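Engineer: Quick one: the structure is below, and I'll ask about it shortly.
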Amino acid sequence: MFPLKELKRSALIALWFAFLTFPIMVIKVDPIERTVEWRWDNMFFIALGSFVISILSKVYLIRKERRAGRKKGNRSITEPFMQRILREPRFLYPLSLAVLVFALSFPYLFSTYQTNIMTTALMYVVLGLGLNIVVGVAGLLDLGYVAFYAVGAYSYALLNMHFNMGFWAVLPIGGLFAAFLGILLGFPVLRLRGDYLAIVTLGFGEIIRLILENWNDFSQGPSGIANIARPGFFGMDMSFAGGITYIYYLVVGLVIVTIFVVNRLQNSRLGRAWLALREDEIACQAMGIDKTKTKLVAFSLGAFWAGLVGVIFAAKTTFVNPASFTFLESAIILSIVVLGGMGSIVGVIFGALILILMPEYLRALSEYRMLAFGGILVVMMVFRPEGLISNVRRSYQFKKQSSGQASDRS
Amino acid sequence: MSEAILKVSGLTKNFGGIKAIDNVDLDIRPGEIVALIGPNGAGKTTFFNCLTGIYTPSAGDIRLCNPKSGLKTKLNGMKPNKITEKGMARTFQNIRLFPTMSVLENVMIGRHCRTKAFILGAIFRNPATRREEEEIIEMSYDILKKIGLHKEVNEEARNLSYGAQRRLEIGRALATEPFLLLLDEPAAGMNPKETEALVRLIRQICSEGHSILLIEHDMKLVMSLSDRIFVMDYGKKIAQGTPEEVRSNPAVIKAYLGEEVDA
Ligand SMILES: Nc1ncnc2c1ncn2[C@@H]1O[C@H](COP(=O)(O)OP(=O)(O)OP(=O)(O)O)[C@@H](O)[C@H]1O
Ligand SMILES: [Mg+2]
């Protein structure tokens, strides 16, 4: 039934966990009383808990493997539930409509605080979708994505401060600035592949942050730029809560536009070329695809979205400083893409919502919040290594015998 | 006889100290099926890689002449995608399909260099883009019918059988509308029945106006298909001529020492 080898492994894992958590779970130093409390029972519970979890996960994986083995070659059955829904317009349209209605009524159903958090989460949805073009679709591992986000934010902050330019004027400018920077950086960098590309983009992200931190005359250094104007609405004055609701709707609009555009891009000649580039660069070139140009376009389009969200970020917080654009930010956006499912729009949306909202709602766990967060991420990666929702491949239907009278659905 | 569509002269490729190709001349005339043979490691694949721009030749000259327009181009130093645009496409010895893309999409990629839609076209899907996309799908489907894979349109390429993958590579190359098709061991790993179908397919492709240069170890296939044969060994061209001439060439027999040349 259950192999002895796995039992041993689980025992080892339990021991390892007990050892790892020893400092925080067992030792408790009371600095006032000057005593050390040894909570050995905690260690016992940790060991027991991780042992049980490890066995349960193993059982699950073994059963999954058996099932996969049995149903091999029968795709319609193994196809996950979510994918079936996404494939069928019959389910997809009403579902999207429901989500849309919910999104639009959100500010009326929930508090300003909740709306604000949701706005942040939706901004990450757009960031995730933008990075998804670069990493998920075109397969270019970009660890410095936050740099483009920073460019957008500082574009608005500086243009607003020096030239008093409004939000709507800067929104496209910020995006284009970021896209332009993407092209500039892409030229030398995109000849690199895989790990090398990751390292260079990582460095680039840090360089931008360091420039912003140290070039005081330009960016006011670490103290940042404050009092950035909120977005206007035909010159109307808005209350604080009204402003938050307004930005929320603005971001919802941006999310919709982004989904639309990214979806169309993915299902186009360009999107196919990106996918092909991810799978085999040499074959791609041999098929007549201009590698450099195609990569550059992906890179700068991704940057464009980051720039847009950057502008909104500056307008939302009315304050920017370099500390908002650390590597951690890039890592979070990348996690959204990987966790959600590379190349999958719905996956990225889920990924962003989970990754951004979960830490907020885990606040109830106080200091164990980040531990729980990490744990959930690990569990998700163990059970769905290909991401929450893997990309739905477009399928084409041809009527029999007719010479390619194509009627396709996506 | 009409002018050569491909003329290679003095092609040389060094890898450090190794001369993988040493001063090789070769030419292909319109409508021909030409075979390039030689023992393992002779430099055949390297030769293809030089022609298609994946390697830069160390010396020599590669000239392509479009039989329809008469346009001549020197290929040395050109990028692979530009060379494909000029009308020469290839398949790979170690299959290089796009494994998780569907069979149809693999062929559609081949249409990339003959189509134009870009960012704005993709986003707004204007009539021109839609028409282009329909044409891509239609033509790719026709190619799939030709290579006998139209029942597997939506199958992922990696799920195909080995022989089918080789055919799909040919189909993908055909989608770029080449006048010269380079096939690197198209029959490798195929069973006799598949090989037979492949021979028919190659004949059909040739009769539709594509010239073919193929590398192959299957002597029966080479002898029955080719108009002319070039033989390489240790990077050098050691013989060329019709199948009969090559078969009885002592240098070739020596190179294949013990291997059965006539089949
Ligand atoms: N990138 C490279 N770097 C160094 N040496 C190489 C490289 N590519 C090929 N070679 C060498 O060049 C020689 C020719 O190799 P090539 O692959 O062209 O042979 P081939 O004729 O295609 O053989 P086969 O029939 O086995 O496919 C070999 O000795 C090989 O080791
Ligand atoms: Mg070879």
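Protein chains in written order, with the numbering used here: chain D, 1 to 410; chain A, 411 to 673. Glycine included, each C-beta is placed from N, C-alpha and C at the ideal position. Please read all numbers here as calculations on a predicted model, not as lab measurements.
Run down chain D in chain order and give the residues with a C-beta less than 9 Å from the C-beta of A/C523.
Structural biologist: Simply M287, G288, I289, D290.
Engineer: In the DSSP assignment, what residue or residues form a beta bridge with A/K482?
Structural biologist: A/C475.
Engineer: Closer than 7 Å between the C-beta and any heavy atom of ligand 2: which residues qualify, listed along the chain?
Structural biologist: After applying the 7 Å Cβ criterion, the set is A/K454, A/T455, A/Q503, A/D594, A/E595, A/I625.
Engineer: When you compare only the Cα positions, how much space is there between A/L474 and D/A68?
Structural biologist: C-alpha separation (whole angstroms): 51 Å.
Engineer: How about D/A315: is its C-beta nearer than 8 Å to some C-beta of chain A?
Structural biologist: Output row for D/A315: interface = no.
Engineer: Mind checking D/S96: buried by the 16 CB within 10 Å criterion, or exposed?
Structural biologist: It is exposed - the Cβ of D/S96 has fewer than 16 other Cβ atoms within 10 Å.
Engineer: Compute every distance between the C-beta of A/I505 and the non-hydrogen atoms of ligand 1, then say whether any falls below 7 Å.
Structural biologist: No, the Cβ of A/I505 stays beyond 7 Å of every heavy atom of ligand 1.
Engineer: Hey, quick one: how far does the beta strand (DSSP E) through D/Y396 stretch, first residue to last?
Structural biologist: Per DSSP, D/Y396 belongs to the beta strand (DSSP E) from 395-398.
Engineer: Measuring from the CB of A/G451, is there a heavy atom of ligand 1 at a distance below 7 Å?
Structural biologist: A/G451 Cβ: within cutoff of ligand 1.
Engineer: What is the rounded straight-line gap between the Cα of D/A306 and the Cα of A/L590?
Structural biologist: The alpha-carbon atoms of D/A306 and A/L590 are separated by roughly 44 Å.
Engineer: Can you find a C-beta in chain A that's less than 8 Å from the C-beta of D/F398?
Structural biologist: Yes, its Cβ sits closer than 8 Å to a Cβ of chain A.
Engineer: Per DSSP, what kind of secondary structure is A/L611 in: helix, strand or coil?
Structural biologist: Here A/L611 sits in helix by DSSP.
Engineer: Compare the C-beta of D/D280 against all C-beta atoms of chain A and say whether one is closer than 8 Å.
Structural biologist: Taking Cβ atoms only, chain A reaches closer than 8 Å to D/D280, which makes this a yes.
Engineer: So, A/L608 versus A/I438, is the Cβ gap smaller than 8 Å?
Structural biologist: No, these two residues do not count as a Cβ contact at 8 Å.
Engineer: Does at least one heavy atom of ligand 1 sit under 7 Å from the Cβ of A/F425?
Structural biologist: Checking every heavy atom of ligand 1 against the Cβ of A/F425, one is found closer than 7 Å.
Engineer: Which residue from D/L141, D/R66, D/F304, D/I55 puts its Cα closest to that of D/P429?
Structural biologist: It is not possible to answer for residue 429 of chain D, since the shown part of chain D is limited to 1 through 410.
Engineer: Which chain A residues are close to D/L265, counting only those with a beta carbon under 9 Å from its beta carbon?
Structural biologist: Neighbours of D/L265 on chain A, chain order: I529, A532, I533.
Engineer: So A/G520 contacts chain D; which residues on that side make the cut at Cβ distance below 7 Å?
Structural biologist: Result: M287.
Engineer: Just checking: is the beta-carbon of D/R363 within a distance shorter than 8 Å of some beta-carbon in chain C?
Structural biologist: Of the chains in the structure shown, none is chain C; the protein chains are D and A.
Engineer: From the DSSP output, read off the bridge partner residues of A/Q650.
Structural biologist: According to DSSP, which records beta bridges pairwise, A/Q650 is partnered with A/F640.
Engineer: Is the beta carbon of A/T709 sitting closer than 8 Å to the one on A/G487?
Structural biologist: The question about residue 709 of chain A has no answer here: the residues shown for chain A are numbered 411 through 673.
Engineer: Along chain D, in chain order, which residues have C-beta atoms closer than 7 Å to that of A/R506?
Structural biologist: Result: D280, I282, A283.
Engineer: Could you check where the beta strand (DSSP E) with A/D432 kicks off and where it finishes?
Structural biologist: Its beta strand (DSSP E) spans residues 428-438.
Engineer: Against chain A, does D/V261 count as a neighbour if the rule is that its beta carbon must be under 8 Å from one of theirs?
Structural biologist: Yes, contact with chain A.
Engineer: Going by beta carbon distance, what residues of the same chain come within less than 6 Å of A/G520, once the five residues before and after it are set aside?
Structural biologist: Cβ within range, chain order: R582, A585, T586.
Engineer: Quick check: does the Cβ of A/I428 come within less than 7 Å of any heavy atom belonging to ligand 1?
Structural biologist: Yes, the Cβ of A/I428 comes within 7 Å of a heavy atom of ligand 1.
Engineer: Does DSSP put D/I77 in a helix, a strand or coil?
Structural biologist: Note that D/I77 scores 42 on pLDDT, short of 50, meaning its location in the model is unreliable and no value can be drawn from it.
Engineer: Using beta-carbon positions only, say whether D/V126 and D/G205 come within less than 8 Å of one another.
Structural biologist: No. Outside cutoff.
Engineer: Given A/T525, which residues of its chain have a CB within under 7 Å of its CB, disregarding the five upstream and five downstream residues?
Structural biologist: These residues qualify, in order along the chain: E542, I546.
Engineer: Give me the chain A residues within the contact set of D/V297, using Cβ-Cβ distance strictly less than 9 Å, ordered along the chain.
Structural biologist: In chain order: F528, I529.
Engineer: Sorry if obvious, but does the Cβ on A/G480 come closer than 7 Å to a heavy atom of ligand 1?
Structural biologist: Outside the cutoff, so no.
Engineer: Can you look up A/R500 in the DSSP assignment and give me helix, strand or coil?
Structural biologist: It is a strand residue.
Engineer: Can you tell me whether D/G128 sits near ligand 1, meaning its C-beta is under 7 Å from at least one heavy atom of the ligand?
Structural biologist: Result no, Cβ not under 7 Å from ligand 1.
Engineer: For A/F502, would you say it is in contact with chain D, using Cβ-to-Cβ distances shorter than 8 Å as the test?
Structural biologist: It does: the Cβ of A/F502 has a partner Cβ on chain D nearer than 8 Å.
Engineer: Given 7 Å as the limit, tell me if D/G136 has its C-beta closer than that to any heavy atom belonging to ligand 1.
Structural biologist: Because no heavy atom of ligand 1 lies under 7 Å away, the Cβ of D/G136 does not count as near it: no.
Engineer: Using the rule of at least 16 other Cβ atoms within 10 Å of the residue's Cβ for burial, across every protein chain shown, is D/V309 buried or exposed?
Structural biologist: Buried, since its Cβ has 16 or more Cβ neighbours within 10 Å.
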